[in-house]
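As structure tokens, the structure follows; a few thoughts come after it.
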Amino acid sequence: MLVSEPRLTWLEDPEVFAVNRKEAHSDHVYYENTEEMVLGADMPLRQSLNGTWYFSYAKNPTVRVKDFYKKDFDCRMFDSIEVPGHIQTQGYDRCQYINTMYPWDGTEYLRPPMVSKEYNPVGSYVKYFVLEKNLQDKPVFVSFQGVETAFYVWLNGVFIGYSEDSFTPAEFELTPYLQDGENKLAVEVYKRSSASWLEDQDFWRFSGIFRDVYLYAVPKTHIEDLSVKSTLDNSYKNGKLYLKLKISGHTNCAVKAVLLNAEEKIVFEKNIKGNSICEISGEVENVHAWSAEDPYLYQLYLYVEDQKGNLIEAVPELVGFRTFEMIDKVMHINGKRIVFKGVNRHEFNVRRGRSIKKEDMLWDIEFMKQHNINAVRTSHYPNESLWYRLCDIYGIYLIDETNLESHGSWQKMGECEPSWNVPGSRPEWKEAVLDRAKSMFERDKNHPSILIWSCGNESYAGTCIEAMSDYFHEKDDTRLVHYEGVFWNREFDHISDMESRMYAKPAEIEAFLSNDPKKPYISCEYMHAMGNSCGGMKLYTDLESKYELYQGGFIWDYIDQSMLRKNEQGEEVFAYGGDYDDRATDYEFCTNGIVYADRKISPKAQEVKQLYANVKLTPDENGVLIKNENLFISTEAYTLVYRMMLDGYPVFESMRNVVVQAQEEQYVKLDYPNIDEPGEYTYEVAMELTEDTIWADAGHEICFGQFVKKVTEEEEQTTKKMQVIYGDVNIGVKGEGFLAMFSKSEGGLASLQYDGTEYITRAPKTSYWRACTDNDRGAKQGFDRSMWLTAGLYQKVIDVKVEELEEQVRITFEYELPTIPKAYSTISYVMSGDGVVHVHLLYKGTEGLPEIPAFGMDFKLKERYHNFEYYGYGPEENYVDRMEGARLGIFEGTAEENLSNYLIPQECGNRVGTRWLKVTDEYGRGLQFTCEEIPFESSVLPYSAYELENALHQEELPKIHYTWVRILAKQMGVGGDDSWGAPVHEQYRIPSDKNLEIAFHVSKL
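When the count follows our numbering, it moves up by one through the sequence shown with no breaks and lands on 1008 for the last residue.
Now the structure itself:
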């Protein structure tokens, strides 16, 4: 029976979550004739209500316009708002970012299912519309694809219904209440309800109608729900098709099912008599199976005809045949062990928040395919329907996650304290979470891309989530069920079909896998990509080949959740939590993406792409070992490009086609030329797309490999005359075209002039510090290692020695560092008549000091020397624990371009294995830094490490005045296991009790 009177008390009642709402159903489209099918989602029986709506905002229900919904209440004096869109991104309320706690923490004492009476923003929406002709004289419904968090609906003054669950469709029938001419649809949206206790995800807390709204009509006979089960037989060669149709209206009809392959040939056809429930089944021989590698789709057509054979309704649906199953504790796709190379993805746009558009989704899926990402966890809610369709077509495996997270109800300050956890085992919450599971399942069930249903995220465990798992298992035997929260409550371990953990370290994962595990393992979240991160990722991907039950993971996460806003200076800047005066907040924890918020690619993606590649290339000077780790496809679609570089410059390139079957490897000899010139040879091989695909153009690189070999020859030494000048404060070295001055008071190289041009601003200093990364801050590096910050800033010269050698002079400065215990270092400069400055830095290992963040020298040059070119690893920044995706070559850039756009300024722009570095002005004048035997690490930036350290936003960095060149012996890795305490792995850290040294020379260009 329909409820006719709305109640505000529903907002605090967890047992009321859907009033008069239509049953959830599949997301298929339908048409009244076959010609309309070319319109896709733009069905003639669908009328969009997107666009400008009348809108009134109130801070809480008490001050809302209570009668706005009434038929005769004229709302045309209201403000306007765009739908879809969030209230908070359109000038109302305030953006607030929260990670784990509830957003009212510290402002009001609330416990489930209480809702604030003081602050519960209300959005009163009104849309006047005239029903389009195509929809007239048919049953008509309104569909809200996403409304956050709870809402009431009226049509022409009549109450229609109420719904919660922000991320699945809510639909209501309007037929009895429509009128000729203009109709008034009124929607009252509440930011907070009892549902807010179930939607404590790590995201911005928005509200409003943020997904599409439309009317739709149905024919007199209508396929209301469609279930497609398309699997493989035990041989994995033939397809099994099972269709279940729920038909409404006049069921005295006939149904015809036709299945076409990609070449539009009929492979299955069947006619049945219609009924309220219809079932169709059959087999397809020699089926072309669906996988992320080869997302082959069949086209299903369902035709509903009346008794006279007239077409009433036509339904197209894409069908992918695949079997996902557990075999001997290992997850398999189409009979093969699967490894998830995944990311967690929030729906996000830098201007529109979670109200994203098709262009965003297309960019995302193309990026993922181009970077070898094969899986997405829809963290932590069902995504827009179109996303699933794109994943079917492009080939992405999905964990489809229920809209459930109650993090703040059981984990406080990192500690497990579930005394008032919801939903837990509280019976009053059970139906609400089951409804969320059902709404997701029914809408998404026909998408082959979905392999796993997830019961939600970080909500502890209890009988309510157990019921969700039981529901998924009962409804669907073609997929598995995931839930990480059982890690915290092993009484409910049976909820999840796989062992799923968050941020387990490689050693912890190995310990689990080595101890007779009963389930396969995945990391539903790992590699916390906050700021300059993703170091040590190879330690995880190496487990793929070591343990059969290790089946991959999902990086946290895909895109930075940063909003663009205008600051008080009128600048448009990237914002994070707290920047809107939002409290409580978790500040910059919203920026964990391998893609920046404006969909520009961050340097971290370079590492992900290489480590996630399914083809591994191991070259040597004679050929390459090709290991094809794809499960189903050969390398036939790729061209093998191979080239040789001498000292970074190309000397040879060729290509050929090599077909290596899936799961096989082959060594291929390559016809490199025989060159014996002295120098460093790089043999580089790459797999590139031979032809255009829907996700990348021909020539797109899939993966690469390099082999480096040196051919040495003794260099001839030439000598020129020079003059050493002993002053009271300075030691000068003068020769043809150069003058260098070493200051005893400054403690170093005070002047370096070539052809009369001065290149030194102040004496370069030894540095032991790097600007803290987000991971450094989380691990409290500032507390543990802060003395290295002052060691570089406040070291003092305690001795200066000058030695005149044969045709050379050496000036050595010794420094005492302000550390406890004391430590010492030296810088030796050696000069000869050619004007080259040879630099040798030595840190003398000292017991009892913390590990060193970095060791090397900072050169402060004039800003005009902002162009750089180098021979080392690139093209993007790289670190000792993040260089699998970097390649040896010659690359160029500018200091400003090299400043990575991490939301909080931090260490960035580093290059490992630098052989030489040229820093120049616009006319090519400048300095070259060249390694002596051992390559160094380097960076060229417009700011010093100390300036980066002091800024909390990019716009806080000062106007650029200098170019800072860093030449480092070593820098610790950036880490990435997590951003709240995990240290960089030991092999990538720098002990302080051992000597450190670096040798390089500086010369003019």
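We put the beta carbon where it would ideally sit given N, CA and C, even for glycine.
Query                                                                                                                                                              : Result
To which residues of the same chain is Val161 closer than 6 Å at the C-beta, ignoring the five residues directly before and after it?                              : Tyr180
Taking the beta carbon of Met329 as the centre, do at least 16 other beta carbons fall within 10 Å, making it buried, or is it exposed?                            : exposed
Take every Cβ of the stretch 888 to 906, pair it with every Cβ of the stretch 848 to 855, and state whether three or more of those distances are shorter than 8 Å. : no
What residue does the alpha helix (DSSP H) around Ala794 start on, and which one ends it?                                                                          : 784 to 797
Could you give the first and the last residue of the continuous alpha helix (DSSP H) run that contains Ile541?                                                     : According to the sequence as given, residue 541 is Lys; it is not Ile. First-last of the alpha helix (DSSP H) with Lys541: 540 to 544.
For the candidate residues Asp861, Tyr873, Pro878, whose alpha-carbon lies nearest to that of Pro945?                                                              : Asp861
What residues match up with Tyr165 in a beta bridge as DSSP calls it?                                                                                              : Val22, Tyr155
Between the stretch 778 to 794 and the stretch 972 to 990, can you find at least three pairs of beta-carbon atoms closer than 8 Å?                                 : yes
Cα separation between Gln373 and Met533?                                                                                                                           : 22 Å
Just how far apart, CA to CA, sit Lys1 and Glu15?                                                                                                                  : Any question about residue 1 goes unanswered here, given that the chain covers just 4 to 1008.
What does the Cβ neighbour count give for Ser442, buried or exposed, with the cut at 16 atoms within 10 Å?                                                         : buried
Starting from Pro622, trace the beta strand (DSSP E) both ways and give me its first and last residue.                                                             : 618 to 622
Would you mind working out which of Glu528, Val922, Ser947 sits nearest Val1005, comparing C-alpha positions?                                                      : Val922
In this structure, how does DSSP classify Phe71 when only helix, strand and coil are distinguished?                                                                : coil
Measuring only the C-alpha atoms, how far is Asp45 from Ser51?                                                                                                     : 9 Å
Whole-angstrom Cβ separation of Pro967 and Lys865, contact assumed at under 8 Å?                                                                                   : Note that residue 967 is Trp in the sequence shown, not Pro. So it is not a contact: roughly 11 Å between Cβ atoms.
From the DSSP output, read off the bridge partner residues of Cys419.                                                                                              : Gln414
Could you tell me the alpha carbon to alpha carbon distance between Gln93 and Ile402, rounded to whole angstroms?                                                  : 32 Å
Got a sec? Which residues, its chain only, sit under 8 Å from Lys433 by beta carbon, not counting five neighbours each side?                                       : Pro426, Thr466, Cys467, Ala470
Using a threshold of 8 Å, state whether the C-beta atoms of Leu188 and Leu158 are closer than that.                                                                : yes
Assign Pro622 to buried or exposed, taking buried as 16 or more other Cβ atoms, counted over all protein chains shown, within 10 Å of its Cβ.                      : buried
Between Tyr463, Asp309, Glu445, which has its C-alpha nearest Glu494's C-alpha?                                                                                    : Tyr463
In the DSSP assignment, what residue or residues form a beta bridge with Asp627?                                                                                   : For clarity, residue 627 is Val in the given sequence; the question names Asp instead. According to DSSP, which records beta bridges pairwise, Val627 is partnered with Pro622, Val671.
The alpha helix (DSSP H) that contains Ser442, what's its start and end?                                                                                           : 430 to 447
Output needed for Tyr579: all residues of its chain with C-beta closer than 7 Å, excluding positions within five of it in sequence on either side, in chain order. : Tyr100, Ser565, Tyr590, Glu591, Cys593, Thr594, Leu906
Indicate whether the contact test is met: 3 or more Cβ pairs, each with one atom in the stretch 544 to 561 and one in the stretch 61 to 72, closer than 8 Å.       : no
How about Glu174 and Ser196: are their beta carbons less than 8 Å apart?                                                                                           : no
If you count every other CB in all the chains shown that lies within 10 Å of the CB of Phe786, and 16 or more means buried, which is it?                           : exposed
For the alpha helix (DSSP H) that Phe370 lies in, which residues bound it at each end?                                                                             : 361 to 373
Could you give the distance in angstroms between the alpha-carbon of Lys344 and the alpha-carbon of Ile823?                                                        : 46 Å
State the Cα-Cα distance for the pair Trp491 and Pro961, rounded to the nearest angstrom.                                                                          : 46 Å
Apart from the five residues just before and just after Leu546, which ones in its own chain have a Cβ nearer than 8 Å to its Cβ?                                   : Pro509, Ile512, Glu513, Leu516, Tyr553
How many angstroms separate the CA atom of Leu955 from the CA atom of Asp363?                                                                                      : 28 Å
May I ask you to report which of helix, strand or coil DSSP gives Gln93?                                                                                           : helix
Closer than 8 Å by C-beta to Arg992: which residues in its own chain qualify, once you throw out the five before and the five after it? Chain order, please.       : Glu854, Met975, Gly976, Pro986
Just reading off the alpha helix (DSSP H) that Cys537 is part of, what are its end residues?                                                                       : Looking at the DSSP string, Cys537 is not in any alpha helix (DSSP H), and its letter there is neither H nor E.
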